[in-house]
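S.K.: If you're matching them up, the sequences are chains W and U in order.
Per numbering that gives the first Met the number 0, the very first residue in the first sequence carries number 0; after that it's consecutive.
Per numbering that gives the first Met the number 0, the very first residue in the second sequence carries number 0; after that it's consecutive.
C-beta: ideal position from N, C-alpha, C; glycine also.
Would you mind keeping the following structure in view while I ask a few things?
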Amino acid sequence: MSQKLEKLIDKKGLRLDGRKLDELRSIKIEVGALSNADGSAYIQQGKNKILAAVYGPKELHPKHLALPDRMVLRCRYHMAPFSVQERKSPAPSRREIELSKVIREALEPSIFIEYYPRTSIDLFIEVLQADGGTRCASITAASLALADAGIPMRDLVASCAAGKVDDTIVLDLMDTEDKVGTADVPVALMPNLNAITLLQMDGILTLEEFEKAVNLALEGCRKIYTMQKETLKAKYIGVKEVEE
Amino acid sequence: MSSIVVRVKQKQIAQLIAKGKRLDGRGLTDYREIKVEQGVIERAEGSARVLLGMTEVMVGIKIEIGQPYPDTPNEGVLTVNAELVPLASPTFEPGPPDENSIELARVVDRGIRESKAIDLEKLCVEPGKKVFIVFVDVYVLNHDGNLIDASALAAIAALLNTKMFKYEIEEGEVKIKPGHTPLPIRKRPIAVTFAKISDKLVVDPWLEEEQIMDARLTMTTDDDGNICAIQKGGSGCFTQKQVLEAAKIAKEKAEEIRKKLKW
Chain W
0 MSQKLEKLID
10 KKGLRLDGRK
20 LDELRSIKIE
30 VGALSNADGS
40 AYIQQGKNKI
50 LAAVYGPKEL
60 HPKHLALPDR
70 MVLRCRYHMA
80 PFSVQERKSP
90 APSRREIELS
100 KVIREALEPS
110 IFIEYYPRTS
120 IDLFIEVLQA
130 DGGTRCASIT
140 AASLALADAG
150 IPMRDLVASC
160 AAGKVDDTIV
170 LDLMDTEDKV
180 GTADVPVALM
190 PNLNAITLLQ
200 MDGILTLEEF
210 EKAVNLALEG
220 CRKIYTMQKE
230 TLKAKYIGVK
240 EVEE
Chain U
0 MSSIVVRVKQ
10 KQIAQLIAKG
20 KRLDGRGLTD
30 YREIKVEQGV
40 IERAEGSARV
50 LLGMTEVMVG
60 IKIEIGQPYP
70 DTPNEGVLTV
80 NAELVPLASP
90 TFEPGPPDEN
100 SIELARVVDR
110 GIRESKAIDL
120 EKLCVEPGKK
130 VFIVFVDVYV
140 LNHDGNLIDA
150 SALAAIAALL
160 NTKMFKYEIE
170 EGEVKIKPGH
180 TPLPIRKRPI
190 AVTFAKISDK
200 LVVDPWLEEE
210 QIMDARLTMT
220 TDDDGNICAI
230 QKGGSGCFTQ
240 KQVLEAAKIA
250 KEKAEEIRKK
260 LKW
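Below is the structure:
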C-alpha cells in the first residue's frame, strides 16, 4: 500500500487532519436522540457516527438468567454494513462480540446494579460510520444514554484512546493512524473516582511509552468528561426553561 | 455456588489477600507450578500441553495452503480459535463459541500477532494467490482458573514446536516434498494475568479467586520486554498506579516463564 510511505506527522508536529499530538478530534454529542428508547445518545467524533440506546430496567427474558441480588446489563455493539469501506456482513463478527463484552464491563462499574435485582438493562450501540476508536466513542455515548435513562450511577464513563504513530505518542487515533500506527491503547475512566474501567492494547510499546500513552489517554478522557457533563446539563436546563 | 461453605471460603480468600497472603500458600505474585510439554500430538504440525496448577490446556497447530487476505498479499495467515470443551468444567456448555471463548482466542491471537512472533512474510508461497495458513487451536481440558496465561503459553510452546512441510512449485501447483523446516518464529510473547481482589493485585488467579475477583488484567510482553497486548476484563476497575505496577510485574514474570520454553 502506497499509504505506508506517507508521513503521518509533518515537520510542524501536525497530523494528517491538522491536529496537534495531544488534540482530540472534534466531538459533537447529543443526548436523547431517539424517542422510543428510555435513554439515548448520539456521538460524532471525527468521522465516527454512533448511536447508543438504553432500554430498561425491565423484566429479564429468559427469566432464568435473572439474578436475585442485582440487575443484568446486556450490551450489543454492532457495526452497520455501510459503516466501513468494504461492506461488513451484518452478522456479529468475533470482534463485535469481544467489543460488546469489554464495553459492558467498562460501563458496569459505573452503575448501581444492586438497586434493580431480577431486572435487565439492554444497551444497543450501532456504529453508523467508523473512523477509528469506535469502542471509545461508543462507551462515551453509552454512558450518556444510561444517564439519560435516569439510571443511578457512580460517575459517567469517558473513554479515549492514545497510540503510537511515526514513533510518537498521540491522542485519539483516527482510522488511518490506527491502521498505519504501531500501537493503540483504548482507555475508559470514571474521572471522579479515578477508576480505569477499560484498558486494552495492541501493538508494541516499551514500559515508558506505555506509561506516557496511558497518561495521555486519561487526559483525553477528562476532556471528554467535561463535554459529557455540559451536554447533559444543556439538555436538562432546557427542560426547566420550557416548564417555567 | 452459593452454599455456605463456599461463601465462607470466599470470604477467607479475600481476607487473606488483604493481608498479603493466599489460601494456597502462594505469595501475591507467585505462579502455580507450570509444566510445559511440547510435541504431544503427532498428527499435528505442532502441539503443546500446559499445566498451570490444575488448569490444563492443549494447543494443536495445523498448517494448510490457502488464499492471503487482500490487504496483505505477501503474508501468511494466522488464525486462533479457542474451544472451552464441555469436559473441562461444569460451566462449559456445548455449542457455538460464546463471548468468553472468543475473548480468550482474541487475547491469545493479539499477543502472537502484535509481537510479530511469526514471520508471516516467510509463509508466502505465491504473492496474492497462495500462502500458508497457520491454525492455532486452543483446547481447554481442565478449568481451574487463569485460562488466558495457560492458553497463551501453550500456543507459543506449540508454535515453537511446529514443523512445516517442505514444498516445491510445479506448473503452479504446490507439491509436498519429504522433510520439514521449523516455523519461522521471532518472538516469544508471554501473557501474565492479574486479578484484583481486596484492592490488591494477585498473579495467576485460580478458579476460586476468579469467582470473587473485581476485575482482571492481562499484560503480554515480548522477549525485549515490550508490551504487545493488554486486556482488561471483569466488571471492576483499576487505578492508574495499579496498571503501571502490573506492567512492571508482568515483564519480570514473563522472563521467568519464558525459560520453560524449548526453542
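On the three-state DSSP scale, how would you describe PHE91(U)?
M.R.: In the structure shown, PHE91(U) sits in coil (DSSP, three-state: anything other than H, G, I, E or B).
S.K.: Would you call THR219(U) buried or exposed, if buried means 16 or more other Cβ atoms sit within 10 Å of its Cβ?
M.R.: When all chains shown are included, THR219(U) counts as buried.
S.K.: In this structure, does DSSP put SER234(U) in helix, strand or coil?
M.R.: It is coil, neither helix nor strand.
S.K.: What does DSSP give as the partner residues of ALA52(W) in its beta bridges?
M.R.: BP columns for ALA52(W) point to SER39(W) and PHE123(W).
S.K.: CA-CA distance, LEU15(U) and LYS27(W)?
M.R.: In a straight line, the C-alpha of LEU15(U) is about 48 Å away from that of LYS27(W).
S.K.: How big is the Cα-Cα spacing for THR167(W) and ALA228(U)?
M.R.: Using only the alpha carbons, I get a separation of about 18 Å.
S.K.: Would you decide whether TRP262(U) is buried or exposed? Buried here means 16 or more other CB atoms lie within 10 Å of its CB.
M.R.: Result: exposed.
S.K.: Can you tell me which residues form a DSSP beta bridge with TYR166(U)?
M.R.: Paired residues: ILE175(U).
S.K.: Candidates ARG24(W), HIS77(W) and GLU107(W): which alpha carbon is nearest GLN128(W)'s?
M.R.: GLN128(W) has its Cα closest to that of HIS77(W), out of ARG24(W), HIS77(W) and GLU107(W).
S.K.: For a test of the three-state rule: what should DSSP assign to HIS60(W), helix, strand or coil?
M.R.: Looking at HIS60(W) - three-state DSSP - the assignment turns out to be coil, as it is neither helix nor strand.
S.K.: Are the CB atoms of ARG94(W) and LEU72(W) within a distance shorter than 7 Å?
M.R.: Cβ atoms of LEU72(W) and ARG94(W): not closer than 7 Å.
S.K.: Quick one: is THR225(W) buried, meaning 16 or more other Cβ sit within 10 Å of its Cβ, or exposed?
M.R.: Exposed is the call here.
S.K.: Which of the residues in the stretch 192-219 of chain W, read from start to end, lie with their CB under 8 Å from any CB of chain U?
M.R.: From the stretch 192-219 of chain W, only LEU192, ASN193, ALA194, ILE195, THR196, LEU197, LEU198, GLN199, MET200, ASP201, GLY202, ILE203, LEU204, THR205, LEU206, PHE209, GLU210, VAL213, ASN214 and LEU217 have a Cβ closer than 8 Å to chain U.
S.K.: Note down the Cα distance separating GLU274(U) from GLY52(U), rounded to an integer number of angstroms.
M.R.: No answer is possible for residue 274(U): the residues shown for chain U start at 0 and end at 262.
S.K.: Quick one: grab the DSSP three-state call for TYR115(W).
M.R.: In the structure shown, TYR115(W) sits in coil (DSSP, three-state: anything other than H, G, I, E or B).
S.K.: Can you tell me whether DSSP reads SER109(W) as helix, strand or coil?
M.R.: In this structure, SER109(W) counts as helix in the three-state DSSP scheme.
S.K.: Short of 7 Å in beta carbon distance, which residues of its chain neighbour PRO69(U), apart from the five on each side in sequence? Order them along the chain.
M.R.: Excluding residues within five positions, none has a Cβ falling inside 7 Å.
S.K.: Ignore the nearest five residues each way along the sequence and tell me which others in SER88(W)'s own chain have a CB closer than 8 Å to its CB.
M.R.: Result list for SER88(W): PRO80, in chain order.
S.K.: List in chain order: all unbroken beta strand (DSSP E) runs of 3+ residues lying wholly within the stretch 168-229 of chain W.
M.R.: Listed in chain order, they are 182-189 and 194-204.
S.K.: Could you tell me whether the Cβ atoms of ILE155(U) and THR217(U) are closer together than 7 Å?
M.R.: Contact: no.
S.K.: What residues match up with GLU125(U) in a beta bridge as DSSP calls it?
M.R.: Note: GLU125(U) sits in a beta bridge opposite LYS129(U).
S.K.: Taking the CB atoms as reference points, tell me whether PRO67(U) and VAL130(U) lie closer together than 7 Å.
M.R.: Taking 7 Å as the Cβ cut-off, PRO67(U) and VAL130(U) qualify as a contacting pair.
S.K.: Which residues does DSSP pair with TYR138(U) in a beta bridge?
M.R.: In the DSSP output, where bridge partners are listed per residue, TYR138(U) has MET57(U) and GLU82(U).
S.K.: So what's GLU116(U) in DSSP terms, helix, strand or just coil?
M.R.: According to the sequence shown, residue 116(U) is Ala rather than Glu. Note: ALA116(U) maps to coil in three-state DSSP.
S.K.: Can you list, in chain order, the residues of its chain whose CB lies under 7 Å from that of LEU231(W), leaving out five sequence neighbours each side?
M.R.: Hits under 7 Å: VAL30, LEU143 and ALA146.
S.K.: Is there a C-beta anywhere in chain U that falls below 7 Å from the one on LYS244(W)?
M.R.: No answer is possible for residue 244(W): the residues shown for chain W start at 0 and end at 243.
S.K.: In whole angstroms, give me the CA-to-CA distance for HIS179(U) and LYS162(U).
M.R.: Those two C-alpha atoms are separated by around 6 Å.
S.K.: Determine the direct distance from the alpha carbon of GLU172(U) to that of ILE248(U), and round the result to whole angstroms.
M.R.: If I take the Cα positions, the gap works out to 50 Å.
S.K.: When you compare the CB of CYS227(U) with every CB in chain W, is at least one pair closer than 7 Å?
M.R.: Yes, its Cβ sits closer than 7 Å to a Cβ of chain W.
S.K.: Residues bridged to LEU200(U) by DSSP?
M.R.: Beta-bridge pairing links LEU200(U) to LYS195(U).
S.K.: For ASN225(U), does the count of other Cβ atoms within 10 angstroms reach 16, so buried, or fall short, so exposed?
M.R.: By the neighbour-count rule (16 or more Cβ atoms within 10 Å), ASN225(U) is buried.
S.K.: If you measure between the beta carbons of ASP221(U) and GLY235(U), is that distance less than 7 Å?
M.R.: No, Cβ-Cβ distance for ASP221(U) and GLY235(U) is not below 7 Å.
S.K.: When DSSP builds the beta bridges, which residues end up paired with ASN160(U)?
M.R.: Answer by DSSP bridge pairing: none, since ASN160(U) is not bridged.
S.K.: Less than 8 Å between the CB atoms is what I'm expecting for ILE60(U) and GLU207(U), so what's the real figure, rounded?
M.R.: With a Cβ gap of about 32 Å, ILE60(U) and GLU207(U) do not count as contacting.
S.K.: Taking 7 Å as the CB-CB cut-off, is GLY235(U) touching chain W?
M.R.: Judged by the 7 Å Cβ criterion, GLY235(U) is in contact with chain W.
S.K.: Which whole-angstrom value describes the C-beta separation of LEU170(W) and LEU20(W), a residue pair presumed to lie in contact below a C-beta threshold of 8 Å?
M.R.: Between LEU20(W) and LEU170(W) the Cβ distance is about 7 Å, and since that is below 8 Å, they are a contact.
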